[in-house]
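Beneath this line is the structure, given in structure tokens, with notes to follow.
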Amino acid sequence: MYFVDVILPIPVEKAFTYSISEAEYSFIKPGMRLAVPFGKNKIYTSLAIRVHQEEPRIYEAKEIEQILDETPVINPEQLNYWKWMATYYMATLGEVMRAALPGAFLLESETIIKRLVQTIPEDIELEDEEALAILQAFEGRTVLRISEVMQLLDRKKVLPIINTIIDKGLVALDQEIYEAYRPKLVKYVRLADSYKVEDKMHEALDELDRAPKQRELLLTYFSLQARSKKPLKAKELQAQAQASSAQLKALVDKGIFELFELRQDRISYKGADDTQVKNLNDAQSAALAAINASFEQHDVCLLHGVTASGKTEVYVNLIKSYLDEGKQVLYLLPEIALTTQLVSRLQEYFGNKLSVYHSKYTVHERVEVWNNVLNKQDKAQLILGARSALFLPFSNLGLVVVDEEHENSYKQYDPAPRYQARDAAIVLAYQQGAKVLLGSATPSLETYYNASVGKYALVELKQRYGNILMPENTIIDIQDRHRKKKMNGHFSEDLILAIQEALQEGEQVILFQNRRGYSPVLECKTCGHAPQCPNCDVSLTYHKHRGQLRCHYCGYHIAMLEKCMACGSIELDTKGFGTEQVEGELRQLFPDHNIGRMDSDTTRGKFGFEKIITAFEQGEIDILVGTQMLTKGLDFRNVTLVGILNADNMLNIPDFRAHERSFQLIQQVSGRAGRTQKRGKVLIQSYNPHHQILQQVSVNDYEAMYHEQLEERHIYKYPPFCRLIKITLKHRDFQKIEEASIWMGQALKNVFQEQILGPEPPPISRIRNEYHRNILVKIPRKQSLEKTKKAILKVRTTFSSIAQFRSVKIMLNVDNY
Ligand code: ADP
Ligand code: ZN
Ligand code: ZN
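Every letter in the sequence shown is one number past the one before it in our numbering, and letter 211, counting from 1, is 969.
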């Protein structure tokens, strides 16, 4: 009798045992995928972790369906890492497996496949009649479930054959359909270098005496360039000069004009034109040397460098040295959607060695990256990815760079494992004997604390690259401006003037408002009623553009009301404001300029984000309004002014990190201003101009913020002075959630006494018809985390054995960020 233990991608505690033949016993290696039956009629892809001969005692082992791999797809190091993650974040190995493996590795009976071709291409050989049968089954429909394929072929072993047609590119898994975004390549005109000297210019004009139309084109070019330094579109020039493309082409043929496509040239058009790694300046070189030296003593180094200090170039140089040694390097980013700029920058330096691991890529591409890493291929030596890239099968990792380490999108919320990718990266690196570089202009308090107590090394870059000054920050008291009647909508006169000035110079402006939609509350002027979401405890946000009231938690929406639901009055008022309203006011204030909006409403399409960034980079947008999406390390060359419309609402969020986060957000968004020659300006509007965080931001005093916040954390016992585990209970029944959370709170208090806070309803206490209750466990640094978790799990087990609580969902969140 031979057996194999497998992990199933579902939240069960234990591995399952299946029976195998003797031949299978000698073939199966840990890390291979096996298709196995589970439950009544389900097939799952599982992962073998051990073969043995011990018959399970409590159940009869079923037979496996199929071996899916010839060789292991995960390596032993990974399995170790998964085990750490499951234990540390109180998740199951199956949950970690589901998070770790690319979707394509996890075919199961409910998976949907889609046909990619209308007719079967002639040059594809389908040795198999069954493959043909599956493709024919698509007749008249676009998708099939794998379970339907099982019915069709009247057997369960269908995964291998589906895999063959996926490999041939005939079908794909539903969630994986890939649409490529091809940025529009816009043609621009510039004067050829040789004509930039005055003599040559006159010569050209003389030469064109007999071609008046071409001469006029050239003169129009000069006059447009005198007005604005923005790159000039070929189309625009033609329109202005009323010339034809043939006339423009004649000038290009004469070598007077050059055409270029901004998308490709955008990195080089302002100077740098080599694709070599840049030469670091003295400060950067010193930082690089200090980082390298610190790795003699420390595994983790924090690079604290102000915005635009050139951290990326330091990473690049460091990465290069690890790649030259033949090591693998992982470059982690908080959100991969926001990386267009960085990808092109890194591609220039590292070309083929760079692979991006990206949820937007096809099954194929992701599996390909996976396999390239597994086989230590050159082309996947440097991986750029968001948090899921931690799960790639590294075996030779030398360095992990965690860019913007303070970002809270490094935290995975749902589903489990609820891991913090920055912290998990440090463990991954440790297990692989690699080094970690954390980088930020506004480090998280925890990281800075770890650096100041010597647990991590600290290296600083205090100047912007090229000695560009930090932007000049001004706080504007909007209460005062209201009193003096110097407000126009949500804009102070100061801000309007600053915008006008920037626009006149042909520069661009970024405006930040931390809320999307038109306004978060619609209120009746007569009776005060404000429409609420029926499923959640929040008011509905007014979206003027769509003419809707929408819930930001569950997506519920209704058409905008014409009159109050409660009293019928037609006088409805909006309270508060979001990006849509700012955009609308801007259109009125600056009717002659192009205004763009970047928030999750406008970036929804797969490449919505890239489109807006590209349009902004190409100067098609003059003023960009947006939410915190704007803060993510973008490098725009022509932005000289950043405005923050209302700094107060972020400061008032009920969370012990609200002040720290506000500082980070404001500092990061300000950092987009004046990244080249000219000093940038930042205007911060607030009703609370004396708030200590705003004062600290305005003089760029990270350390003052750090010390003050740290003091508060100390007094109120929050991280880094203790650890937190948050337990969230959810249920549709109010009575039940009350009883259940009180029981759980009491049971925990019996063990942990005053270390327990709650149960408490969170600020939004009902979402999608489920009531939420939070219990917070504060764990002093000295207390064993392992024992604490054991005790919590024990309470949970007892809780779940109580019949009336069985349907209550429990979420465990370790190091709740
Ligand atoms: P950070 O990541 O610290 O905000 P970046 O790495 O984006 O800063 O650098 C800011 C700008 O300065 C970028 O446009 C970058 O190309 C430029 N830069 C930084 N270091 C150098 C260098 N050594 N040589 C040339 N340009 C540099
Ligand atoms: Zn009313
Ligand atoms: Zn809702």
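Positions of the beta carbon are idealized from the N, C-alpha and C atoms, including for glycine.
{"Asked": "I'd like to check one pair, residue 983 with residue 1005: are the Cβ atoms closer than 7 Å?", "Found": "no"}
{"Asked": "Sorry if obvious, but does the Cβ on residue 1071 come closer than 6 Å to a heavy atom of ligand 5?", "Found": "Here the bound small molecules are ligand 1, ligand 2 and ligand 3; ligand 5 is not part of this structure."}
{"Asked": "Any heavy atom of ligand 3 inside 6 Å of the beta-carbon of residue 1312?", "Found": "yes"}
{"Asked": "I need the boundaries of the beta strand (DSSP E) containing residue 1156, first residue and last residue.", "Found": "1155-1160"}
{"Asked": "Could you spell out where the beta strand (DSSP E) holding residue 1443 opens and where it closes?", "Found": "1439-1444"}
{"Asked": "With DSSP run on the structure shown, which of helix, strand or coil describes residue 970?", "Found": "helix"}
{"Asked": "Use the C-beta contact count for residue 1305: other C-beta atoms within 10 angstroms, 16 or more gives buried, fewer gives exposed.", "Found": "exposed"}
{"Asked": "In chain order, what residues of the same chain have a beta carbon less than 8 Å from the beta carbon of residue 1510, not counting five sequence neighbours either side?", "Found": "1535, 1546, 1549"}
{"Asked": "Rounded to the nearest angstrom, what separates residue 1281 and residue 1313 at their Cα positions?", "Found": "20 Å"}
{"Asked": "Which residue's Cα is closest to the Cα of residue 1342: 1384, 1361, 921?", "Found": "1384"}
{"Asked": "Report the rounded CA-to-CA distance for residue 923 versus residue 889, giving the unit in angstroms.", "Found": "7 Å"}
{"Asked": "Classify residue 1011 as helix, strand or coil using the three-state DSSP reduction.", "Found": "helix"}
{"Asked": "Can you name the residues that DSSP bridges to residue 1151?", "Found": "In DSSP, residue 1151 forms no bridge with anything."}
{"Asked": "Using DSSP bridges, identify the partner residues of residue 1019.", "Found": "945"}
{"Asked": "Can you tell me the Cβ-Cβ gap for residue 1428 and residue 1400, rounded? I've got them flagged as a contact below 8 Å.", "Found": "5 Å"}
{"Asked": "Does residue 1068 pass the burial test, meaning 16 or more other C-beta atoms within 10 Å, or should it be called exposed?", "Found": "buried"}
{"Asked": "For residue 1499, report the span of its alpha helix (DSSP H) as first-last.", "Found": "1492-1510"}
{"Asked": "Can you name the residues that DSSP bridges to residue 1513?", "Found": "According to DSSP, residue 1513 bridges with nothing at all."}
{"Asked": "Any heavy atom of ligand 3 closer than 6 Å to the Cβ of residue 1527?", "Found": "no"}
{"Asked": "For the stretch 1133-1147 against the stretch 766-777, do three or more pairs of beta-carbon atoms, one drawn from each stretch, fall closer than 8 Å, so that the two count as touching?", "Found": "no"}
{"Asked": "Report yes if the C-beta of residue 1036 is less than 6 Å from at least one heavy atom of ligand 1; otherwise report no.", "Found": "yes"}
{"Asked": "Assign residue 1097 to buried or exposed, taking buried as 16 or more other Cβ atoms, counted over all protein chains shown, within 10 Å of its Cβ.", "Found": "buried"}
{"Asked": "Just mark residue 1412 as buried or exposed, buried being the case when its beta carbon has 16 or more other beta carbons within 10 Å.", "Found": "exposed"}
{"Asked": "In whole angstroms, what separates the C-alpha of residue 833 from that of residue 1186?", "Found": "14 Å"}
{"Asked": "Is the Cβ-Cβ distance between residue 770 and residue 861 less than 7 Å?", "Found": "no"}
{"Asked": "Starting from the C-beta of residue 1276, find all residues in its chain whose C-beta is less than 8 Å away, skip the five residues before and the five after it, and write them out in chain order.", "Found": "1299, 1300, 1301, 1302, 1303, 1332, 1335, 1336, 1338, 1339, 1342"}
{"Asked": "Which residue marks the beginning of the beta strand (DSSP E) containing residue 1538, and which one marks its end?", "Found": "1528-1538"}
{"Asked": "DSSP three-state call for residue 1483: helix, strand or coil?", "Found": "strand"}
{"Asked": "With residue 1471 as the anchor, note down where its alpha helix (DSSP H) starts and where it stops.", "Found": "1460-1474"}
{"Asked": "Got a sec, what are the start and stop residues for the beta strand (DSSP E) residue 808 sits in?", "Found": "800-810"}
{"Asked": "Can you look up residue 1181 in the DSSP assignment and give me helix, strand or coil?", "Found": "helix"}
{"Asked": "In the structure shown, what three-state DSSP assignment does residue 1031 receive?", "Found": "Confidence in residue 1031 is poor, its pLDDT being 36 and thus under 50, which makes the residue's placement unreliable; the coordinate value appears in the next sentence. Here residue 1031 sits in coil by DSSP."}
{"Asked": "Measure the Cβ-Cβ separation of residue 1062 and residue 1201 and say whether it is below 7 Å.", "Found": "yes"}
{"Asked": "Residue 1414: which of 1460, 1475, 1374 sits nearest, CA to CA?", "Found": "1475"}
{"Asked": "Could you tell me whether any non-hydrogen atom of ligand 1 is closer than 6 Å to the CB of residue 1438?", "Found": "no"}
{"Asked": "Determine the burial state of residue 1444: buried for a count of at least 16 other Cβ atoms within 10 Å of its Cβ, exposed for fewer.", "Found": "buried"}
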